[in-house]
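To convert a position in the sequence shown, counted from 1, into the numbering used here, add 13.
The beta carbon of each residue, even a glycine, is placed where N, CA and C say it ideally should be.
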Amino acid sequence: TSNDILSRGLELRTARVLGQVMAGCSVVHCPDTHPRFPGMPVVIFPGNVGADDGLVQVLARMTGSRG
Numbered sequence: 014t015s016n017d018i019l020s021r022g023l024e025l026r027t028a029r030v031l032g033q034v035m036a037g038c039s040v041v042h043c044p045d046t047h048p049r050f051p052g053m054p055v056v057i058f059p060g061n062v063g064a065d066d067g068l069v070q071v072l073a074r075m076t077g078s079r080g
């Protein structure tokens with residue numbers, strides 16, 4: 014689950030939610046003091062959200078391209 018990725022995989026104890034990149038998809042932010050991924054945005058993308066090209070749309074929004 015998203016919680017496992019954040020707490021175990023990234024070893025985050027807290028996360029700052031920046032908002033939603035699309036309906037149902039939140040973006041959290043690794044703290045600037047994170048030892049491996051300082052300042053990295055993390056998209057929480059549930060499997061039941063968006064169309065078939067949902068990840069492409071999120072990438073386009075995150076990078077400012079027109080995917």
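Where residue i sits in the DSSP three-state scheme
i, result
"Arg21", "helix"
"Val71", "helix"
"Ser39", "strand"
Nearest-angstrom Cα separation, counted from residue j out to residue i
i, j, result
"Met75", "Ser20", "23 Å"
"Ala28", "Cys38", "15 Å"
"Phe58", "Pro48", "24 Å"
Cβ shell of residue i (< 8 Å), same chain only, five flanking positions each side left out
i, result
"Met35", "Val62, Gly63, Gly67, Gln70, Val71 and Arg74"
"Arg26", "Ser20"
Other residues of its chain near residue i: CB distance less than 6 Å, five sequence neighbours each side excluded
i, result
"Val41", "Ala28, Val30 and Val55"
"Gly52", "Asp45"
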